[in-house]
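Q: Going by my numbering, the letters in the sequence shown line up with residues 83 to 268, in that order. Glycine is no exception: its CB is placed at the ideal position from the N, C-alpha and C atoms. Small disclaimer: the values here were computed from a predicted structure and weren't measured. Just passing along the structure, written as structure tokens.
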Amino acid sequence: MAMPVYRVIDVIPEPIGTGGAQLNSPHPVERHVDPFGRVAMSTPVTSFEPMGRTKSRTKKVIWRFWGYLVLAAAVYVWFGNDTNIILVLALSALSLLYMLFAAPMWCMAPNTTNGKPCSNNAHGLLIGCWIRKHKWEKVKMVVRRQRWAELCRRSWSTIGAQAATVGAVGSFASAVAATITLIIKV
Numbered sequence: 083m084a085m086p087v088y089r090v091i092d093v094i095p096e097p098i099g100t101g102g103a104q105l106n107s108p109h110p111v112e113r114h115v116d117p118f119g120r121v122a123m124s125t126p127v128t129s130f131e132p133m134g135r136t137k138s139r140t141k142k143v144i145w146r147f148w149g150y151l152v153l154a155a156a157v158y159v160w161f162g163n164d165t166n167i168i169l170v171l172a173l174s175a176l177s178l179l180y181m182l183f184a185a186p187m188w189c190m191a192p193n194t195t196n197g198k199p200c201s202n203n204a205h206g207l208l209i210g211c212w213i214r215k216h217k218w219e220k221v222k223m224v225v226r227r228q229r230w231a232e233l234c235r236r237s238w239s240t241i242g243a244q245a246a247t248v249g250a251v252g253s254f255a256s257a258v259a260a261t262i263t264l265i266i267k268v
């Protein structure tokens, strides 16, 4: 049975002349101590060292769902006092491209082995998962009129697909309205 090791952080004054700008400042030191009081290891702990994850969870979520933030920015610009139509058009188009090709969701392509829909991760309403046959399955559905009903069913099958579908319809409507407004003003 392994003996547990305890982490203790002490504040030990630094020797004069070794800390550069931090002369005589207390410097935290991490010691790993076993139950008998023996120090297993001493390492200095500084405030800028990454401990654990190097990227915050918030940044990962923002990077993964950036298209929804762009759509929210387009709505904000629409309802602002000084509506910049070119900016609304650009934000709406960028959000539409995100919803069609980058929004995280499930593949939902039919499996030939068990008949159930594929539950691999996919990107966007039109791109399938990593399986070659599934990759362009949804794009083929857009081209073939007979498969539009199946594409609509898949677009509303999961919460990620529903959010992307509503976002795509909203950003498309916003882009069309901005284009019409731009044509009328010019």
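Within a Cβ cutoff of 8 Å, which residues of the same chain sit near residue 152, ignoring the five residues on either side of it in sequence?
A: Counting only Cβ-Cβ distances below 8 Å, and skipping sequence neighbours, we find 173, 176, 177, 180.
Q: Whole-angstrom Cβ separation of residue 237 and residue 156, contact assumed at under 8 Å?
A: Actually they are not in contact, since the Cβ atoms of residue 237 and residue 156 sit about 21 Å apart, beyond 8 Å.
Q: Would a C-beta distance cut-off of 8 Å place residue 203 and residue 186 closer than the cut-off?
A: In this structure, residue 186 lies closer than 8 Å to residue 203 by Cβ.
Q: Can you look up residue 218 in the DSSP assignment and give me helix, strand or coil?
A: Coil.
Q: Spell out a yes or no on whether the segment 188 to 200 and the segment 209 to 219 are touching, meaning 3 or more CB-CB pairs, one atom from each, closer than 8 Å.
A: With the cut-off at 8 Å, the segment 188 to 200 and the segment 209 to 219 touch.
Q: Should residue 159 be labelled buried (16 or more other beta-carbon atoms within 10 Å of its own) or exposed?
A: Residue 159 should be labelled buried.
Q: Give the C-beta separation of residue 170 and residue 256 to the nearest angstrom, bearing in mind that I take them to be a contact with Cβ-Cβ under 8 Å.
A: Contact holds; Cβ gap of about 7 Å.
Q: Please state whether DSSP places residue 188 in a helix, a strand or coil.
A: The answer is strand: DSSP assigns residue 188 an E or B state.
Q: Spatial neighbours of residue 267 within its chain, please: C-beta separation below 8 Å, excluding the five flanking residues on both sides.
A: Answer for residue 267: 167, listed in chain order.
Q: What is the C-beta distance between residue 182 and residue 206, in whole angstroms, given that I count them as a contact (C-beta under 8 Å)?
A: The Cβ separation is near 5 Å, so the contact holds.
Q: I need the straight-line Cα distance from residue 245 to residue 217, nearest angstrom please.
A: Near 21 Å, if we compare the C-alpha coordinates of residue 217 and residue 245.
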